[in-house]
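Engineer:
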Amino acid sequence: MRVAIGWMAIGLCWGQAPIAAPTIGKMLDASGTLRTVYGVAGNFAVGPQEAVRVISAACSAEFCLAKTANRIQGPKTSVIAPSGPALFGFDGADAVVYFPAARQFMRWHQGRLLRLAWHVDGEVLALRATEIAVRRDADVWVVRSDGSILDYLGEVAGPVLLLDGAALLASEDGLILRRPARDDLRFELSGIQGLSALGSEYVQVKTAGGSYALRTTPGREDLLLLPTLRGGRH
């Protein structure tokens, strides 16, 4: 595992993004502030706050969604939503959203939330379009929206994230990146509390001590430290 943060982080207190640096996605800091992350290969900087009091957030290559206390904020609009956190599974220009407190699935479509008549047994952990990772006792399964089983991920105690063509599993002492017909990739990291999609090639890994960006690009996988910022600082 390589953990790095380079020269682009200088000046982060002023919220200055590097000129012409690529955008890798949006991170949620420890105070619930959403910020764009810029940089390459672990040389990260963050932009100014874009949303505050955010509970959950995730991004695809096309767009990002953020969940506040009782709203979903999209690229151009926000709508009323069930209270509490949310899980996101992107599907092109749409997304499936799950609200654990309400045990309700909805679809984000053209700036609206449409109720879905889905029901699955177990604790919903992650979404990938119409696929759902659920925990039943200690076992984690991937099922369709009708409950039919697609895959078995094993006994997983920590968070889970479903990616395009892969699954990310958090154990007590690290991360497992699993792809079909390939050996698992393992990254040592303890105390993992949450996983969310930063963008199309990065995952934000939250721990009690900070956040990391896991690059998931095949052949270029790496675990990198993200800047530590608190809401209200620019």
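For the sequence shown, our numbering assigns the number 734 to the initial residue and increments by one for each residue that follows. All C-beta atoms, glycine included, are put in the ideal place defined by N, C-alpha and C.
Inspect the CB distances between the region 869-882 and the region 840-848 and report whether three or more fall short of 8 Å.
Structural biologist: They do not touch, by the three-pair rule.
Engineer: Taking the alpha-carbon of Ala850 as reference, which of Tyr831, Arg868, Ala866, Val867 has the nearest alpha-carbon?
Structural biologist: For the purposes of this step, residue 850 is taken as residue 117 along the sequence shown, with counting starting at 1. Of the listed residues, the one whose Cα sits closest to Ala850 is Tyr831.
Engineer: Tell me, which residues are paired with Cys841 by DSSP?
Structural biologist: Counting from one through the sequence shown, the residue named residue 841 turns up at place 108. One point to set straight first is that residue 841 is Trp, not Cys, in the sequence displayed. Note: Trp841 sits in a beta bridge opposite Ala828, Leu846.
Engineer: Going along the chain, which residues of its own chain have a beta-carbon closer than 7 Å to the beta-carbon of Ser933, five neighbours each way excluded?
Structural biologist: Here residue 933 refers to the residue found at position 200 of the sequence shown. Closer than 7 Å at Cβ, skipping near neighbours: Ser793, Ala794.
Engineer: Taking Cβ positions, are Phe688 and Ser878 nearer each other than 9 Å?
Structural biologist: The chain is shown only over 734 to 967; residue 688 falls outside these bounds and no answer can be derived.
Engineer: Distance check for Asp854 and Asp870, CA to CA, integer angstroms please.
Structural biologist: The count along the sequence shown starts at 1 and reaches residue 870 at position 137. The count along the sequence shown starts at 1 and reaches residue 854 at position 121. About 11 Å.
Engineer: Distance check for Arg911 and Ala702, CA to CA, integer angstroms please.
Structural biologist: In the structure as shown, the chain starts at 734 and stops at 967, and residue 702 therefore has no counterpart that could be examined.
Engineer: CB-CB under 8 Å to Gly924, same chain, minus the five flanking residues each way: which ones, in chain order?
Structural biologist: Numbered from 1 along the sequence shown, position 191 holds the residue referred to as residue 924. Once the five neighbours on either side are set aside, the close Cβ partners of Gly924 are Thr940, Ala941, Gly942.
Engineer: To which residues of the same chain is Ser811 closer than 6 Å at the C-beta, ignoring the five residues directly before and after it?
Structural biologist: Within the sequence shown, numbered from 1, the residue matching residue 811 stands at position 78. The residues are Arg804.
Engineer: Do Arg868 and Val893 have their beta-carbon atoms positioned less than 9 Å apart in this structure?
Structural biologist: Walking along the sequence shown from the start, residue 893 turns up at place 160. Walking along the sequence shown from the start, residue 868 turns up at place 135. A contact, by the Cβ cut-off of 9 Å.
Engineer: Does the beta-carbon distance from Leu896 to Val936 come in below 9 Å?
Structural biologist: Counting from 1 along the sequence shown, the entry for residue 896 is found at position 163. Counting from 1 along the sequence shown, the entry for residue 936 is found at position 203. A contact, by the Cβ cut-off of 9 Å.
Engineer: For Val812, report the span of its beta strand (DSSP E) as first-last.
Structural biologist: Indexing the sequence shown from 1 puts residue 812 at position 79. Element bounds for Val812: 811-813.
Engineer: Are the beta-carbon atoms of Leu931 and Gly765 separated by less than 9 Å?
Structural biologist: If you number the sequence shown from 1, residue 931 lands on position 198. If you number the sequence shown from 1, residue 765 lands on position 32. Not in contact: Leu931 and Gly765 (Cβ atoms no closer than 9 Å).
Engineer: Let me know if Gly898 comes out buried or exposed under the rule of 16 or more other beta-carbons within 10 Å of its beta-carbon.
Structural biologist: In the sequence shown, the residue the question calls residue 898 occupies position 165. It is exposed - the Cβ of Gly898 has fewer than 16 other Cβ atoms within 10 Å.
Engineer: May I ask you to report which of helix, strand or coil DSSP gives Asp762?
Structural biologist: As a first step, residue 762 must be located in the sequence shown, where it is residue number 29. Looking at Asp762 - three-state DSSP - the assignment turns out to be coil, as it is neither helix nor strand.
Engineer: Comparing the C-beta of Arg840 with each C-beta of chain C, is any distance below 9 Å?
Structural biologist: Of the chains in the structure shown, none is chain C; there is only one protein chain.
Engineer: Would you give the residue range spanned by the beta strand (DSSP E) that Asn776 belongs to?
Structural biologist: Reading the sequence shown from its first residue, position 43 is the one you call residue 776. Looking at the DSSP string, the run of the beta strand (DSSP E) that includes Asn776 is 776-779.
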